[in-house]
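Colleague: Pasting a structure below so you can have a look.
Numbering (full-length UniProt numbering), first residue to last: 1 to 462.
Okay, structure coming up:
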């Protein structure tokens, strides 16, 4: 139903005489049987003036139209002016119409129909009661088409009706006209392949096959599906748009399954596909698809851009695409050796009667720069265990390891450093004289001390 048809229904509501001739007989449900309703349906009602504003945009046409506003209706209760595509009027025409809209005669009603109300001046919009028509959902369009085709005994496929409902874009009138074309194109039948060929749109099943290849992380199947699409010569940018649209619907199916629409008749298939993805995968795929759509202008060709975008989805997924199997024989051998060694060690401890290893205690070899307490303090400390008790049972039986040359050299350097820092017992202390050393080494004396020794003779020379 279009805006012009709805305006005619409003005209019938205003002039229906089934309830009486007075103003109290105005109804929201016209009978369709009275003389006025039949005259309006047949297009011969005198008091209904239809004006095409797209062809009469000048101010002179508007003034000529308004010259007859003052006259009373001749046949109906009200004189109705239906101005279609009113947004096409010029600014001067709107200014000429403004005064009449502000103070219309009591027997005149104006019906303004437009597809772009934003182009109307605010002064006109403020003086009108607006009725915004909404788009019909595809479910209602498909249901109505199926009812009409069953009444007309025309064989059809439901998937073909979903294609028609999507192509209608919310308009039932467009859906009916497209259905007539599909019946003529299919020789009396409405089939999925014929409708897809007539509309020149991409088959939705190919896009679902791409999504299934992404779910299986099968790069070979992904490229094969793109090659099958290339044989039909589609718009690869539109293919990527359809893929991102399905990813959006999959995210809705995961978060709020009840809010998932059935716009393509694939609600059950999408719910099954949503269980095969993680939420992170879908969000990542959608982001990569949107960025790949923007990068298509810089790619050498659109097919390459589509393939690289789909492969990038598999390459950057949280769980990477499975590659060739890796050799893990050595790792398995190490794990088996550790388990066997642990079992042998427990058996040796049980047979030899060695003290068990305390849990949580691990021997820590001191580093060269780490200070260690004296041996006496370590022995008298409560709960002290010797290094032999800290070792595992297998280390009791194994020979001591040799020190690494680097470790040994670092230990020697540490000992030399400590020897330099440790004060010598033979060094002269301030205030005391050492009988064994008469003169300290010159390298360790300050210059002032050297001069004092030269001036003053030693005690032995005296």
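Idealized CB from N, CA, C, for every residue including glycine.
Expressed to the nearest angstrom, what Euclidean distance is found between the alpha-carbon atoms of residue 37 and residue 115?
Modeller: Between residue 37 and residue 115, the C-alpha separation is close to 26 Å.
Colleague: Counting Cβ pairs closer than 8 Å, one from the stretch 102 to 116 and one from the stretch 75 to 86, do we hit at least three?
Modeller: Because the criterion of three Cβ pairs below 8 Å is met, the stretch 102 to 116 and the stretch 75 to 86 touch.
Colleague: Would you list, in sequence order, the uninterrupted alpha helix (DSSP H) runs of no fewer than 4 residues that lie entirely inside the stretch 45 to 79?
Modeller: As far as the stretch 45 to 79 is concerned, its whole alpha helix (DSSP H) runs of at least 4 residues are 59 to 66.
Colleague: What did DSSP end up calling residue 84 once you bin it into helix, strand or coil?
Modeller: Looking at residue 84 - three-state DSSP - the assignment turns out to be strand.
Colleague: Based on DSSP bridge pairs, tell me the residues matched to residue 110.
Modeller: In DSSP, residue 110 forms a bridge with 81.
Colleague: How far does the alpha helix (DSSP H) with residue 176 in it reach, from first residue to last?
Modeller: Taken as a continuous stretch (DSSP letters only), the alpha helix (DSSP H) holding residue 176 covers 172 to 185.
Colleague: Leaving out the 5 sequence neighbours to the left and right, which residues in its chain are closer than 7 Å to residue 13 when beta-carbon positions are compared?
Modeller: Only 26, 27, 28 and 30 meet the Cβ criterion.
Colleague: Measure the C-alpha to C-alpha separation of residue 268 and residue 300 and round it to an integer number of angstroms.
Modeller: Straight-line Cα distance between these residues: approximately 38 Å.
Colleague: In or out: residue 71 buried (at least 16 other Cβ within 10 Å) or exposed?
Modeller: So residue 71 ends up on the exposed side.
Colleague: Whose C-alpha, out of 302, 122 and 224, is nearest the C-alpha of residue 98?
Modeller: It is 122.
Colleague: Taking all protein chains shown into account, do 16 or more other C-beta atoms lie within 10 angstroms of the C-beta of residue 295, making it buried, or fewer, making it exposed?
Modeller: Result: exposed.
Colleague: Can you give me the start and stop residues for the alpha helix (DSSP H) that residue 123 sits inside?
Modeller: Element bounds for residue 123: 122 to 125.
Colleague: Note the first and the last residue of the continuous alpha helix (DSSP H) segment covering residue 518.
Modeller: Given that the chain is displayed from residue 1 to residue 462, the structure contains no residue 518 and the question cannot be resolved.
Colleague: Which residues in the same chain have their Cβ closer than 8 Å to the Cβ of residue 303, if we skip the five residues on either side of it in sequence?
Modeller: Here the set comprises 226, 230 and 236.
Colleague: Flag this pair as yes or no: are the beta carbons of residue 239 and residue 289 separated by less than 8 Å?
Modeller: Not closer than 8 Å, so no.
Colleague: Given a threshold of 16 other Cβ atoms within 10 Å of its Cβ, counted over all protein chains shown, does residue 156 qualify as buried or as exposed?
Modeller: Its Cβ being crowded by 16 or more others within 10 Å, residue 156 is buried.
Colleague: Ordered along the chain, which non-local residues of its own chain (more than five positions away) have a Cβ less than 7 Å from that of residue 7?
Modeller: So the list reads 82, 111 and 113, once near-sequence residues are dropped.
Colleague: How about residue 463 and residue 175: do their beta carbons lie closer than 8 Å?
Modeller: The first residue shown for the chain is 1 and the last is 462, placing residue 463 beyond what the model contains.
Colleague: List the endpoints of the continuous alpha helix (DSSP H) containing residue 296.
Modeller: Neither: residue 296 is in no alpha helix (DSSP H) and is coded neither H nor E.
Colleague: Can you tell me which of the three DSSP states residue 94 falls into?
Modeller: The answer is helix: DSSP assigns residue 94 an H, G or I state.
Colleague: On the DSSP bridge assignment, give the partners of residue 190 in chain order.
Modeller: Paired residue(s): 156.
Colleague: If we ignore side chains and look at the alpha-carbon of each, how far apart do residue 321 and residue 307 end up?
Modeller: Caution applies to residue 321, whose pLDDT of 48 falls short of 50 and renders its modelled position unreliable; the model cannot decide the point.
Colleague: How big is the Cα-Cα spacing for residue 204 and residue 159?
Modeller: Near 10 Å, if we compare the C-alpha coordinates of residue 159 and residue 204.
Colleague: Quick check: the stretch 58 to 67 against the stretch 40 to 48, are at least 3 beta-carbon pairs closer than 8 Å?
Modeller: Segments in contact, no.
Colleague: Are residue 142 and residue 109 touching if we call contact CB-CB under 8 Å?
Modeller: No, they are not a contact pair.
Colleague: Classify residue 266 as helix, strand or coil using the three-state DSSP reduction.
Modeller: Three-state DSSP puts residue 266 in coil, outside helix and strand.
Colleague: Would you list, in sequence order, the uninterrupted alpha helix (DSSP H) runs of no fewer than 4 residues that lie entirely inside the UniProt domain "DNA polymerase III gamma subunit" (192 to 315)?
Modeller: The UniProt domain "DNA polymerase III gamma subunit" (192 to 315) contains these whole alpha helix (DSSP H) runs: 192 to 199, 204 to 216, 219 to 230, 236 to 255, 267 to 274, 279 to 294 and 302 to 315.
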